[in-house]
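Numbering-wise (my numbering), the sequence shown opens with residue 12 and increments by one. Yeah, the Cβ is synthetic: ideal placement off N, Cα and C, and Gly gets one too. If you're wondering where the values come from, they're calculated on a predicted model, not measured in any experiment. Structure first, then comments.
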Amino acid sequence: MKKIALLASGTGSNAKKIIEYFKGSEIISVACLLSNKSSAKALEMATSFNIPTHIISKEELGNPGQTILYLKSMSVDLIVLAGYLKKIPQDLVEVYPNKIINIHPALLPKFGGKGMYGMHVHKAVVEQGESESGMTIHYVNAKYDDGAIIFQAKCPVQPSDTAVQVAANVLRLEHKHYAPVVEQILIDK
Ligand code: GAR
């Protein structure tokens, strides 16, 4: 059985889709969900599926020894960021080379980097008059939104679209594609 760790900071709707997708799978399972925010809805959601959770303390954000011990104890093969908004420390990247992936709600390399998350991204897309947006799944390194791109999907942006509408269209793409892409990565590993 290949094992996934999910990392989420907020609602966790992508994390939920992934949990539902692999429920009942005989080859891939979601081993745990980690969050840097003790109030994240994603934690409650994971618990409701009987998935163990771990809160990444402020101290662990800079010094991930405890996080690494936890992930090792869960025999994790792939770390999947799903709305996780903190930087991944270099030490963690080194322990899991090419085994950490992220989803970003725009067509990287556009609209990425520090401060570019959630609605900030969609507002910038609308303000700059983009004719399309979308989502990117990429490997994680110690810089924000910088690792090799694995998969992208696009949606049109109409001149009349608000940032809220763009966000909904992009989230729909994320929900459709993230779990199957995770599955393919694990099958290929
Ligand atoms: C998703 O749209 C994800 O792409 C984005 O946060 C949202 C989380 O939604 N991530 C980033 O902006 C990372 N830079 P969710 O908690 O409902 O899955």
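Which word fits residue 58, buried or exposed, when buried means at least 16 other C-beta atoms lie within 10 angstroms of its C-beta? exposed
Contact between the segment 83-99 and the segment 22-31 (3+ Cβ pairs under 8 Å): yes
If you run the structure through DSSP and keep just helix, strand and coil, what is residue 117? coil
Using a Cβ-Cβ cutoff of less than 8 Å, which residues in the same chain neighbour residue 34 once the five nearest sequence positions on both sides are dropped? 60
Would you report the Cα separation of residue 176 and residue 19, rounded to the nearest angstrom? 23 Å
Using the three-state DSSP reduction, which class does residue 167 fall into: helix, strand or coil? strand
Ignoring anything shorter than 4 residues or poking outside the segment 37-118, list the alpha helix (DSSP H) runs there in chain order. 52-59, 69-73, 76-84 and 101-106
Could you tell me which of 198, 187 and 200 sits nearest to residue 32, measuring between CA atoms? 187
What do you reckon, is the C-beta of residue 173 under 8 Å from a heavy atom of the ligand GAR? no
Hey, could you find the ends of the alpha helix (DSSP H) residue 130 is sitting in? 129-138
Where residue 123 and residue 105 are concerned, what is the direct C-alpha to C-alpha distance, given to the nearest angstrom? 22 Å
For residue 78, is the beta carbon positioned less than 8 Å from some heavy atom of the ligand GAR? no
Residues sharing a beta bridge with residue 144, DSSP: 166
Straight-line CA distance for residue 134 to residue 117? 11 Å
Considering only heavy atoms of the ligand GAR, does any lie closer than 8 Å to the CB of residue 21? yes
Answer yes or no: do residue 113 and residue 144 have a C-beta to C-beta separation smaller than 9 Å? no
Is residue 140 closer than 9 Å to residue 170 when the C-beta atoms are compared? yes
Residue 101: which of 37, 158 and 17 sits nearest, CA to CA? 158
Taking all protein chains shown into account, do 16 or more other C-beta atoms lie within 10 angstroms of the C-beta of residue 236, making it buried, or fewer, making it exposed? It is not possible to answer for residue 236, since the shown part of the chain is limited to 12 through 200.
DSSP three-state call for residue 212: helix, strand or coil? The requested residue 212 does not occur in the structure, where the chain is confined to residues 12 to 200.
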